[in-house]
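Asks: Could you have a look at this structure, given as structure tokens, before my questions?
In full-length UniProt numbering, the protein residues as written are 1 to 639.
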């Protein structure tokens with residue numbers, strides 16, 4: 001179900017606009033307790049450096065997403081902590097070793113960049129690896145080699161325990177998986193209410209389906225023991241939404257208002273899924289049969305005691321196959337190497353500045369804790385976390401905004417036990433501000449990290465803050481120049497790769513849309529819409545950047561609109577065929593599918609596409625309009 005709209009306003013307003021959402025008070029309390037307790041213990045033991053490492057582990061934990069299934073959150077926390085510990089093991093061995101330190105930092109950065117391409121958990125782990133490795137190379141050795149990673153793991157484990165306890169307090173209620181699947185039906189009802197002018201409701205529905213599928217499928221193994229009755233029921237309810245979503249495609253294309261009572265019926269199903277009530281007693285929808293059938297299908301699924309095998313939705317492959325695919329993706333894909341080389345180059349430059357401070361002094365840049373310089377590069381140069389340009393800009397803005405208040409606080413609060421409530425307050429701000437914008441996240445994290453370094457630094461607080469400010473600005477300049485400006489072609493290549501994958505996914509769906517089994521058709525349809533959502537995400541990222549990147553995104557916007565229209569046309573044709581219309585000839589389907597794959601190849605190679613004949617609208621039944629839309633798509637390609 002397409003949704004062409006990507007963003008509004010100029011690039012600067014989009015970059016600075018904060019996100020909206022509820023305040024995570026539970027996460028704020030958890031972080032405040034964690035940081036306050038760790039700093040108190042470190043002061044009691046007179047081990048401020050151990051407290052710094054433990055708190056660094058908790059900073060990594062607080063940066064993890066607070067949404068999704070509890071098992072995914074726990075896995076992300078554990079893997080990130082282990083990766084950070086690995087970085088702390090190897091980092092101190094290169095402390096103050098000149099070119100050896102630069103070489104190690106560059107190698108770890110390259111590895112981190114390659115691993116980031118594997119997935120969200122791996123991306124967070126790669127950042128933790130590099131982050132803690134930089135801290136390890138920048139701080140003097142603390143006792144035996146195993147002590148720094150042990151301190152970091154202790155801090156991360158303490159935070160994880162607090163997180164699990166807070167999750168357990170909600171465990172008797174339906175969990176995030178219930179809310180994710182219910183949100184699919186809720187967003188479908190929103191789309192019904194918005195018809196015939198859907199606006200953003202279509203995009204929100206597509207994103208809700210992606211979120212629900214991730215909530216149910218991510219980080220599960222393939223054996224039956226991993227799938228309890230409740231999990232199977234939720235999978236069945238998500239599967240049951242597919243016929244309804246396809247019917248809504250016809251509704252939107254017809255430009256007619258929805259039948260009375262349809263959205264209310266769908267919302268009642270959403271409420272039943274959200275509460276886990278299988279005996280909700282929802283009355284059948286008696287309206288238009290085209291919508292009554294899919295609503296009845298979902299309503300009956302509510303009370304089923306033996307849901308179908310969840311493989312229909314598409315279980316992840318076995319663990320060895322996933323590991324092989326992840327390794328191949330990290331080592332062989334162009335996108336992974338592009339990011340790995342960019343990160344390695346920037347980290348090498350930053351590390352060289354740290355190891356050879358005379359260069360910085362010649363540039364009139366003061367240095368006290370120059371480890372802050374490569375740390376800035378490591379956390380800013382994360383293209384999978386958002387636009388590198390925007391992150392650099394917001395990092396600089398956030399640090400400047402935080403510098404003066406931090407200086408005043410550090411000057412007013414004496415070192416010692418007064419630092420415990422300060423750590424609690426600063427730590428509690430991270431969950432509150434991190435989801436608003438990257439600048440606000442920086443405003444929250446910067447004072448805390450400066451406070452932690454101030455605990456272990458013999459330098460006056462004023463010098464420390466000013467040095468960190470200069471290091472941050474220099475790190476942002478390094479990223480802007482060597483990680484962004486020198487790679488202008490990479491943005492066009494990346495968006496082209498996204499469109500290539502999306503058009504190929506449409507060709508795969510087209511092959512099965514009229515004659516394929518229901519499970520294959522459903523999996524291909526979800527893969528298609530996931531690819532389109534990735535396209536939209538990349539376009540939003542590019543549009544948040546100034547020209548010429550913004551112009552690149554604008555050139556591809558008509559392609560997204562044409563692709564959305566073609567997807568809706570093919571989906572509507574598939575629904576009509578299953579409703580009794582005559583299926584299109586295999587020859588016509590094959591010709592259109594081949595044309596789409598040729599378009600994808602042309603985008604991948606960056607070459608003009610040769611013109612070839614497509615089936616015309618007359619004589620091809622339900623596929624005629626799709627041929628027209630395919631011609632329009634071909635004309636919009638900026639090749």
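C-beta atoms are modelled at their ideal positions from N, C-alpha and C, and glycine is treated no differently.
Quick caveat: nothing in here was measured; it's all calculated off a predicted structure.
1) Could I get the ranges of all uninterrupted alpha helix (DSSP H) runs contained in the stretch 329-360, with 4 residues as the minimum, in chain order?
2) Can you say whether residue 149 is buried or exposed, counting buried as having 16 or more other CB atoms within 10 angstroms of its CB?
3) So what's residue 145 in DSSP terms, helix, strand or just coil?
4) With C-beta atoms as the reference, is residue 391 less than 8 Å away from residue 382?
5) Alpha carbons only, please: which of 189, 235 and 354 is nearest the one belonging to residue 137?
6) Which first and last residues belong to the alpha helix (DSSP H) in which residue 406 is found?
7) Quick check on DSSP: helix, strand or coil for residue 381?
8) Is it a yes or a no for the stretch 341-355 touching the stretch 107-125, going by three-plus beta-carbon pairs under 8 Å?
9) Is DSSP giving residue 417 helix, strand or coil here?
10) Counting pairs of beta carbons, one from the stretch 448-460 and one from the stretch 43-63, are three or more of them closer than 8 Å?
11) Please return the same chain residues whose Cβ sits closer than 8 Å to the Cβ of residue 24, not counting the five positions on each side in sequence.
12) If you follow the alpha helix (DSSP H) that residue 61 is in, where does it begin and where does it stop?
13) Quick check: what's the CA-CA separation for residue 358 versus residue 397?
14) Have a look at residue 129 and residue 303 and give me their C-alpha separation to the nearest angstrom.
15) Taking the alpha-carbon positions, what's the residue 338 to residue 441 distance?
16) Compute the beta-carbon to beta-carbon distance between residue 95 and residue 141, rounded to the nearest angstrom, for a pair I have assumed lies under 8 Å.
17) Go to residue 291, then tell me how far its alpha helix (DSSP H) extends in each direction, as first and last residue.
18) Got a sec, what are the start and stop residues for the alpha helix (DSSP H) residue 70 sits in?
19) With distances taken Cα to Cα, identify the nearest neighbour of residue 124 among 444, 84 and 97.
20) On the premise that residue 426 lies in contact with residue 448, defined as a C-beta separation below 8 Å, what is that separation, rounded to the nearest angstrom?
21) Nearest-angstrom Cα distance between residue 567 and residue 74?
22) Between the C-alpha atoms of residue 644 and residue 156, what's the straight-line distance to the nearest angstrom?
23) Are there 16 or more other CB atoms within 10 angstroms of the CB of residue 579, so buried, or fewer, so exposed?
24) Could you tell me whether the stretch 28-48 touches the stretch 411-423, using the rule of 3 or more Cβ pairs below 8 Å?
25) Can you tell me where the alpha helix (DSSP H) with residue 43 in it begins and where it stops?
26) Report yes if the C-beta distance between residue 636 and residue 348 is below 8 Å; otherwise report no.
27) For residue 356, is the classification buried or exposed, using 16 other Cβ atoms within 10 angstroms of its Cβ as the cut-off for buried?
28) Using a threshold of 8 Å, state whether the C-beta atoms of residue 556 and residue 539 are closer than that.
29) Contact defined as beta carbons within less than 8 Å: I believe residue 410 pairs with residue 451. What is the distance between those atoms, to the nearest angstrom?
30) Can you look up residue 117 in the DSSP assignment and give me helix, strand or coil?
31) Note down the Cα distance separating residue 550 from residue 460, rounded to an integer number of angstroms.
32) Ignore the nearest five residues each way along the sequence and tell me which others in residue 282's own chain have a CB closer than 8 Å to its CB.
33) Suppose the cutoff is 8 Å on Cβ atoms and the five residues either side in sequence are ignored; what does the same chain contact list for residue 90 look like?
34) What's the call for residue 438, buried or exposed, on a 16-neighbour Cβ count within 10 Å?
35) Are the stretch 371-386 and the stretch 471-488 touching by the rule of at least three beta carbon pairs closer than 8 Å?
36) Is residue 487 helix, strand or coil by DSSP?
Replies: Taking the structure as given:
1) 334-355
2) If you number the chain shown from 1, residue 149 lands on position 149. Buried, because 16 or more other Cβ atoms sit within 10 Å of the Cβ of residue 149.
3) On the chain shown, position 145 is the one that residue 145 refers to. In this structure, residue 145 counts as coil in the three-state DSSP scheme.
4) Numbered from its first residue, the chain shown carries residue 391 at position 391. Numbered from its first residue, the chain shown carries residue 382 at position 382. Yes. Within cutoff.
5) As a position in the chain shown, residue 137 is number 137, starting the count at 1. Closest option to residue 137, Cα to Cα, is 354.
6) Along the chain shown, one-based indexing puts residue 406 at 406. Note, residue 406: alpha helix (DSSP H), 388-412.
7) If you number the chain shown from 1, residue 381 lands on position 381. Residue 381: coil per DSSP, three-state reduction.
8) yes
9) Taking the chain shown and counting its residues from 1, the one referred to as residue 417 is at position 417. Coil at residue 417, not helix or strand.
10) yes
11) In the chain shown, residue 24 corresponds to position 24, counting from 1. If we look at residue 24 and ignore the five residues flanking it on each side, its Cβ neighbours are 66, 431, 432 and 435.
12) Numbered from its first residue, the chain shown carries residue 61 at position 61. Segment 48-62, the alpha helix (DSSP H) holding residue 61.
13) What you label residue 358 is simply residue 358 of the chain shown in a count that begins at 1. What you label residue 397 is simply residue 397 of the chain shown in a count that begins at 1. Their backbone Cα atoms lie some 27 Å apart in a straight line.
14) Residue mapping note: residue 129 aligns to position 129 of the chain shown, counting from 1. Residue mapping note: residue 303 aligns to position 303 of the chain shown, counting from 1. When rounded, the distance between both Cα atoms is 47 Å.
15) Mapped onto the chain shown, residue 338 falls at position 338. Mapped onto the chain shown, residue 441 falls at position 441. Answer to the nearest angstrom: the Cα atoms are 27 Å apart.
16) Taking the chain shown and counting its residues from 1, the one referred to as residue 95 is at position 95. Taking the chain shown and counting its residues from 1, the one referred to as residue 141 is at position 141. About 6 Å separates the two Cβ atoms, so the contact holds.
17) The count along the chain shown starts at 1 and reaches residue 291 at position 291. Where residue 291 is concerned, the enclosing alpha helix (DSSP H) stretches over 289-302.
18) As a first step, residue 70 must be located in the chain shown, where it is residue number 70. Its alpha helix (DSSP H) spans residues 70-90.
19) The residue given as residue 124 occupies position 124 in the chain shown. Looking at the Cα atoms, 84 is the closest of the given residues.
20) Here residue 448 refers to the residue found at position 448 of the chain shown. Here residue 426 refers to the residue found at position 426 of the chain shown. Indeed they touch by this definition, with Cβ atoms about 4 Å apart.
21) Residue mapping note: residue 567 aligns to position 567 of the chain shown, counting from 1. Residue mapping note: residue 74 aligns to position 74 of the chain shown, counting from 1. Computed Cα separation, rounded: 37 Å.
22) It is not possible to answer for residue 644, since the shown part of the chain is limited to 1 through 639.
23) As a first step, residue 579 is located in the chain shown; it is residue number 579 there, counting from the start. Under this definition residue 579 is an exposed residue.
24) yes
25) Here residue 43 corresponds to residue number 43 of the chain shown, with the count starting at 1. Segment 25-44, the alpha helix (DSSP H) holding residue 43.
26) The residue you call residue 636 lines up with position 636 of the chain shown. The residue you call residue 348 lines up with position 348 of the chain shown. Not a contact, by the Cβ cut-off of 8 Å.
27) Walking along the chain shown from the start, residue 356 turns up at place 356. By the neighbour-count rule (16 or more Cβ atoms within 10 Å), residue 356 is not buried but exposed.
28) Here residue 556 refers to the residue found at position 556 when the chain shown is read from its first residue. Here residue 539 refers to the residue found at position 539 when the chain shown is read from its first residue. Result yes, Cβ atoms of residue 556 and residue 539 sit closer than 8 Å.
29) Taking the chain shown and counting its residues from 1, one reaches residue 410 at position 410. Taking the chain shown and counting its residues from 1, one reaches residue 451 at position 451. Sure, about 7 Å apart at Cβ, within 8 Å.
30) Your numbering for residue 117 matches position 117 in the chain shown. In this structure, residue 117 counts as coil in the three-state DSSP scheme.
31) Position 550 of the chain shown, counting from 1, holds the residue named residue 550. Position 460 of the chain shown, counting from 1, holds the residue named residue 460. C-alpha separation (whole angstroms): 44 Å.
32) If you number the chain shown from 1, residue 282 lands on position 282. So the list reads 265, 268, 269, 272, 299 and 302, once near-sequence residues are dropped.
33) Indexing the chain shown from 1 puts residue 90 at position 90. Only 104, 108, 133 and 136 meet the Cβ criterion.
34) Sequence index remark: in the chain shown, residue 438 carries index 438 (1-based). Per the 10 Å Cβ criterion, buried.
35) yes
36) Looking up residue 487 in the chain shown gives position 487. The answer is coil: DSSP assigns residue 487 none of H, G, I, E or B.
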